[in-house]
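First residue of the sequence shown: 2, per the working numbering; consecutive thereafter. No residue lacks a Cβ here, since even glycine has one placed at the ideal position from N, Cα and C. Below is one structure; the comments refer to it alone.
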Amino acid sequence: MTKGYVFDMDGTLIDSMPMLEGVDKSFVESVKIPFTDELADKLKYIPISEAAKYVAETFNTKYTADEMEKILIDTVRQGYTTVKLKDGVREYLNFCRNRGIKMCIATATLASSATEVAERLGLMEYMDFLVSCSDVGVSKDKPDVFLEAARRMCLAPCDVTVFEDGLPGAKSAKSVGFNVIAVYDSSVTETESAEMKKISDRYITSFTELKDTVV
């Protein structure tokens, strides 16, 4: 039976992906760069620091990578003040806490910004800790952040279930032996959703589907 849960935050626990994609689009367009589907896909699942570096190195802009990172962080922090939990999240976390399941957040968002919104929404009262890709130095297309979460919980990957809405994170977690629950988000394309359904152990459209179930 699963002994620990690792939750992605954006698009999984909180309804923030439209806000984050809007931040990417408005910023890219503000520096006179066309916001193509290809660029949107590139920026979608990578940390802000990587996004800023990619744009700075790929396009001729008036901002350095450090300047772009600061602008993006400030804009995202402001956007987080309005986002809410997704349906059924609080009820399910209550159930899991009462069952004694270890829980944490593993996010691509900068740790300081992620902690701020997680505390505002009451998520941290359920979590043992929050770990970010910025803590391990790589994006979720590598499993490092999930492995670090399991290490901190003193659990093997096979005893841990990862909840993810993003295909890169779901694939990397599955590749090293985690159980994976794919979570629907409106920002995910039909192609990505189809792939998520193939590689995950279960696909849910809402946490209300789980009710009083340990997965």
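With a Cβ-Cβ cutoff of 8 Å, do residue i and residue j count as a contact?
i, j, result
"isoleucine 15", "valine 118", "yes"
"alanine 107", "leucine 73", "no"
"glycine 123", "glycine 12", "no"
"proline 48", "cysteine 159", "no"
"alanine 151", "valine 161", "yes"
"valine 163", "phenylalanine 179", "yes"
"lysine 43", "leucine 156", "no"
"aspartate 186", "methionine 18", "yes"
"valine 215", "arginine 98", "no"
In terms of residue numbering, what span does the beta strand (DSSP E) encompassing residue i cover?
i, result
"alanine 183", "180-184"
"leucine 131", "130-133"
"phenylalanine 8", "5-8"
"phenylalanine 164", "161-165"
With distances taken Cα to Cα, identify the nearest neighbour of residue i among the options.
i, options, result
"cysteine 105", "Tyr204, Met20, Phe208 and Val7", "Val7"
"lysine 199", "Ile47, Ser187 and Lys175", "Lys175"
"alanine 109", "Ser50, Glu92, Val177 and Glu196", "Ser50"
"lysine 33", "Thr190, Met20, Ala57 and Met18", "Ala57"
"lysine 54", "Arg78, Val29 and Met128", "Val29"
"methionine 128", "Ala66, Asp75 and Phe96", "Phe96"
"arginine 78", "Gly89, Ala171, Met20 and Leu44", "Met20"
"phenylalanine 36", "Lys45, Leu44 and Lys26", "Lys26"
"leucine 111", "Lys71, Glu210 and Tyr64", "Lys71"
"lysine 45", "Gly170, Asp213, Thr214 and Val146", "Gly170"
"valine 177", "Pro144, Ala115 and Val184", "Pro144"
"lysine 87", "Phe208, Ala66, Glu191 and Val132", "Phe208"
"valine 181", "Glu193, Thr192, Ser194 and Tyr204", "Tyr204"
"methionine 69", "Thr206, Thr82, Ala115 and Ser31", "Ser31"
Let me check one thing: in DSSP terms, what residues is residue i bridge-paired to?
i, result
"methionine 18", "DSSP output for methionine 18 lists no bridge partner at all."
"cysteine 205", "Position check: residue 205 holds isoleucine in this sequence, whereas cysteine was assumed. In DSSP, isoleucine 205 forms a bridge with Val184."
"threonine 108", "Ser133"
"leucine 86", "Ile15"
The alpha helix (DSSP H) that contains residue i, what's its start and end?
i, result
"tyrosine 55", "49-59"
"isoleucine 102", "Neither: isoleucine 102 is in no alpha helix (DSSP H) and is coded neither H nor E."
"isoleucine 72", "66-80"
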